[in-house]
Amino acid sequence: MVQGLIIVQIKNYRMEKRPHFKATITYFATEDGGIITPVSSCFRAIIRFPYDNKELIANQTFLEFELVFPGDTINADVFLLEADETLEKIYIGLDFELLINSNTIASGVITAIYL
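Residue numbers for the sequence shown follow my numbering, so the first one is 211 and each next one is one higher.
Pasting the structure below:
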């Protein structure tokens, strides 16, 4: 009797988190305090909603472009880290700010919520 070894190859396996919502985001021009260089999809920034001063990390996946430049308005899927309480309070039409190092670099509005 011969015992064998079974090898299973998993190609391109990545564990991905589903986005919490879709948003339209306007990145401010550099002269208005916005980003200086372009940012790529999966860019992370601090997000702040108007109903409290709690800051969360928002991972953005750009839907139409791979790079976003200062002054651009784009659509993005957004995933919030450690956001259980916040997810109960968000709704379509809610505005928010994106920050880096306490500087507001963009503003946005939620356009869809994913279940």
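From the three backbone atoms N, C-alpha and C, an ideal C-beta is built for every residue, glycine too.
> Which residues mark the beginning and the end of the beta strand (DSSP E) in which THR314 is found?
Replying inline: Annotation: the continuous beta strand (DSSP E) that includes THR314 extends over 313–323.
>> Rounding to the nearest angstrom, what Cα-Cα distance links ASN311 and LEU325 in this structure?
In response: Approximately 31 Å between the Cα atoms of the pair.
> By DSSP, does LEU297 sit in helix, in strand, or in coil?
Replying inline: Three-state DSSP puts LEU297 in a helix.
> For GLU307, which three-state DSSP category applies?
Replying inline: Per DSSP, reduced to three states, the secondary structure at GLU307 is strand.
> So, are the CB atoms of ILE315 and ILE300 less than 8 Å apart?
Replying inline: Not in contact: ILE315 and ILE300 (Cβ atoms no closer than 8 Å).
> If we call anything under 8 Å between Cβ atoms a contact, is VAL328 one with PRO248?
Replying inline: The first residue shown for the chain is 211 and the last is 325, placing residue 328 beyond what the model contains.
>> Could you give the first and the last residue of the continuous beta strand (DSSP E) run that contains ARG258?
In response: Counting along the chain, the beta strand (DSSP E) containing ARG258 begins and ends at 253–258.
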